[in-house]
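For reference, the structure discussed in these notes is given below.
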Amino acid sequence: MARFRGRLLAALAGFTLVSASLLASADAAGGPPGPAVSWGANLHGQLGDGTTVQRNSPVPVCAVGQPAPCPGQLTQVVQVAAGDDDLSIALLSDGTVLGWGQNNTGAVGDGTTTDRSVPTRVCAVGQTAPCTAFLSGVTSIAAGRSHALALLTDGSVVAWGLNGQGQLGDGTLTNSSTPVRVCAVGQPTPCPVFLTGVSQLVGGNNHSVALLTDGSVLTWGNNDSGQLGNGTTAGSVVPVQVCAMGQTAPCSAFLSGVTSIGPGLLDDSVAVGPGGVVYGWGNNFFGQLGDGTTVDRSTPVQACAVGQTAPCSAFLTGITSVAAGTFSHTVAIGSGGAAFAWGSNNVGQLGDGTSTARSTPVRVCAVGQTAPCSSFLTGAVGISAGTFHSSAVLGNGTMVTWGFNGSGQLGDGTTTSRTVPGAVPGLSNVTSAIAGDDHNLAVVNPPAADIQVRLSASSSLLNPTITYTVTAINRGPGTVTSGTITLRVPNSTTSVSASGCSYNSGNKTVTCPTGQLGVKQASSHTVRATQSALTVGLPLPATATRTASTPTDPNAANDQASASCLVVTGLIILC
Numbered sequence: 018m019a020r021f022r023g024r025l026l027a028a029l030a031g032f033t034l035v036s037a038s039l040l041a042s043a044d045a046a047g048g049p050p051g052p053a054v055s056w057g058a059n060l061h062g063q064l065g066d067g068t069t070v071q072r073n074s075p076v077p078v079c080a081v082g083q084p085a086p087c088p089g090q091l092t093q094v095v096q097v098a099a100g101d102d103d104l105s106i107a108l109l110s111d112g113t114v115l116g117w118g119q120n121n122t123g124a125v126g127d128g129t130t131t132d133r134s135v136p137t138r139v140c141a142v143g144q145t146a147p148c149t150a151f152l153s154g155v156t157s158i159a160a161g162r163s164h165a166l167a168l169l170t171d172g173s174v175v176a177w178g179l180n181g182q183g184q185l186g187d188g189t190l191t192n193s194s195t196p197v198r199v200c201a202v203g204q205p206t207p208c209p210v211f212l213t214g215v216s217q218l219v220g221g222n223n224h225s226v227a228l229l230t231d232g233s234v235l236t237w238g239n240n241d242s243g244q245l246g247n248g249t250t251a252g253s254v255v256p257v258q259v260c261a262m263g264q265t266a267p268c269s270a271f272l273s274g275v276t277s278i279g280p281g282l283l284d285d286s287v288a289v290g291p292g293g294v295v296y297g298w299g300n301n302f303f304g305q306l307g308d309g310t311t312v313d314r315s316t317p318v319q320a321c322a323v324g325q326t327a328p329c330s331a332f333l334t335g336i337t338s339v340a341a342g343t344f345s346h347t348v349a350i351g352s353g354g355a356a357f358a359w360g361s362n363n364v365g366q367l368g369d370g371t372s373t374a375r376s377t378p379v380r381v382c383a384v385g386q387t388a389p390c391s392s393f394l395t396g397a398v399g400i401s402a403g404t405f406h407s408s409a410v411l412g413n414g415t416m417v418t419w420g421f422n423g424s425g426q427l428g429d430g431t432t433t434s435r436t437v438p439g440a441v442p443g444l445s446n447v448t449s450a451i452a453g454d455d456h457n458l459a460v461v462n463p464p465a466a467d468i469q470v471r472l473s474a475s476s477s478l479l480n481p482t483i484t485y486t487v488t489a490i491n492r493g494p495g496t497v498t499s500g501t502i503t504l505r506v507p508n509s510t511t512s513v514s515a516s517g518c519s520y521n522s523g524n525k526t527v528t529c530p531t532g533q534l535g536v537k538q539a540s541s542h543t544v545r546a547t548q549s550a551l552t553v554g555l556p557l558p559a560t561a562t563r564t565a566s567t568p569t570d571p572n573a574a575n576d577q578a579s580a581s582c583l584v585v586t587g588l589i590i591l592c
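With the first letter of the sequence shown counted as 1, position 250 gets the number 267 in this note's numbering; the numbers rise by one all the way through.
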């Protein structure tokens, strides 16, 4: 606790603090894949742009393993997470995971403790560096204080990084720079049975939280403020169940009906229950549990309704997602995308136009308001909280931020803090976002790009070879990041020459990449198909088809083109 009070005092005394903390977000996987951008502090390369230079506006995250200045941007990202000690991780559409940033505890997951300023692949379970196999089959990710977690398709969980308090849940206190499997509830070490049935994960300050498919909640790791929610302050190196409200240890009833969970770095945890009520437990030094007090809780309590004072007679309802910030504030989304916040507010991270701490929820102001606000933020579909700042993604794909901005974490091109939300300029089509300690990550769904396919064919006298030109044209409005065109050549084809393309002789198809295409740009491939056993009058049809593209092509009408030749004599083909 002294560590965090010291951090607050440092922040209040001129904001000289540059150390990292945890994410907190209601962000979840499952959005459309897209490129990743980042901004804010970058001391350990957590922005992934190949540098350690602070960025006050969004910059592209580099593709895997690229040197700065990176020629390619990281794409196919479906979820991002940001952790304490300047850690970033990303889940790709193929179920693999990347990590970058500070790595002194192995939280990047590549088998080393070397900082990474561009993304690197997270190793598979049991690997050692240099890894030859990599983590796959992942459906969602989370990051805590120098540790990370991943949920697999079978409902099991792996974790890696710092483990001094048992936050990896593998029954040990040993750090791991590659993933280890999380044990089942109450298992001895080494664990013979592992955790399954998980639907969501979050990482906290030296603890971790899992929501099960049956609506119950498990926790493991540090517990000095009751953040495990089991009625005690004893830590656990394997998962334990969170007690129901009003229970005392040993609990005989357990929390149920939970629909989503959120992390907290100052040793607290939050969850959404039936009817959209908000549960909180653990550290409450700044009122971040929202129950109108500053009393720590080792079992869950409910967040009060707006305007209540303790003891509260009405409670917050209709909440769809909740996130606890790195430094003791909590944010939530309710009906109509209304945003709420409570807890510490020394630099305006609650977004209510003030710097007054709140132990019960208040509404987040609308963009550009001044206190007392007369209109409030609505339309939020995602919300996140960092150390001293917060962010929300709106239904129109834009993003707003508020709070401290000393490291450029508000993304508006300045280092000026603000107590009400403001837009991140130039950022649109955001599908997934996270607020880290003092940096941010976002996934952008690029505008659709219409690929038009063209095909031409030519032949030479007395040469039984047809030369095809396959062309892909990007008609916009967005950029094509990748794609393929497949040419079906005549059945009489005996051999194919096509640089940069692949030929399947079994089904007579040639597949060529489009490459990256800006608006109105085109790429072409030349395919030479040699014919034999020709019959006079035989038609030789060929068809080129767009078989894949990123982003998805919105117009199928121009995705195919045909060309046909005719056998005139045994040696002459007319195209």
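Every residue, glycine too, gets a C-beta built ideally from N, C-alpha and C.
When DSSP states are grouped into helix, strand and coil, serine 566 belongs to the strand group. For the pair aspartate 570 and aspartate 467, the CB atoms are nearer than the 8 Å cut-off. By the neighbour-count criterion, in which a residue is buried when 16 or more other Cβ atoms sit within 10 angstroms of its Cβ, aspartate 285 is buried. In this structure, DSSP gives asparagine 491 an extended state, which the three-state scheme calls strand. Taking the Cα positions, serine 434 is about 53 Å away from valine 487. In the assembly as shown, alanine 561 is a buried residue. Its beta-carbon has 16 or more other beta-carbons within 10 Å.
A direct Cα-to-Cα measurement between valine 384 and asparagine 413 gives close to 14 Å. Remark: fewer than three beta-carbon pairs, one from each stretch, lie closer than 8 Å, so the segment 436-453 and the segment 503-517 are not flagged as touching. Annotation for methionine 416: the continuous beta strand (DSSP E) segment containing it runs 416-420. A check of alpha carbon separations from glycine 495 across Thr484, Ala465, Leu472 identifies Ala465 as the nearest. A Cβ-Cβ contact shorter than 8 Å links glycine 123 with serine 194. Taking C-beta separations shorter than 6 Å and ignoring five residues to either side along the sequence, the partners of alanine 141 in its chain run Ala150, Phe151, Leu152, following chain order.
Shown here for arginine 375: same chain residues with a beta carbon closer than 8 Å to its own, the five before and five after excluded, namely Gly304, Ala358, Trp359, Gly360, Asn362, Leu367, Asp369 in chain order. The three-state reading of DSSP puts proline 291 in helix, counting H, G and I together. For arginine 314, the uninterrupted beta strand (DSSP E) run begins and ends at 314-319, by DSSP. For phenylalanine 357, the enclosing beta strand (DSSP E) starts and ends at 356-360. Apart from the 5 residues on each side of it in sequence, glycine 112 sits with its Cβ closer than 6 Å to the Cβ of Ser153, Gly154, Val155 in its chain, given in chain order.
In this structure, alanine 539 lies near alanine 489, with their beta-carbon atoms less than 8 Å apart. Of all C-beta pairs linking the segment 411-431 to the segment 69-85, three or more are shorter than 8 Å, placing the two stretches in contact. Aspartate 101 and tyrosine 520 have their C-alpha atoms roughly 48 Å apart. In the three-state reduction of the DSSP assignment, glycine 517 falls in the coil class, being assigned neither a helical nor a strand state. Spanning the alpha carbons of glutamine 319 and asparagine 575 requires a straight line of approximately 56 Å. The criterion of a C-beta distance shorter than 8 Å is not satisfied by proline 463 and proline 88.
In terms of Cα proximity to valine 527, the closest of Thr265, Arg545, Val536 is Arg545. Remark: fewer than three beta-carbon pairs, one from each stretch, lie closer than 8 Å, so the segment 128-146 and the segment 204-223 are not flagged as touching.
Nearest Cα to proline 442 within the set Val210, Gly246, Asp429, Leu168: Asp429. Looking at the DSSP output, glutamine 577 sits in a beta bridge with Thr562.
With a cutoff of 8 Å on beta-carbon distance, serine 352 and glycine 335 are scored as near each other. Taking C-beta atoms as the reference points, cysteine 529 and threonine 567 fail to come closer than 8 Å.
In terms of Cβ geometry, leucine 115 and proline 136 form a close pair [threshold 8 Å]. Beta bridge pairing from DSSP links valine 447 with Val461. Alanine 176 is classed as buried because its beta carbon has at least 16 other beta carbons within 10 Å across all chains shown. In this chain, serine 110 is not harboured by any beta strand (DSSP E), its DSSP state being neither H nor E.
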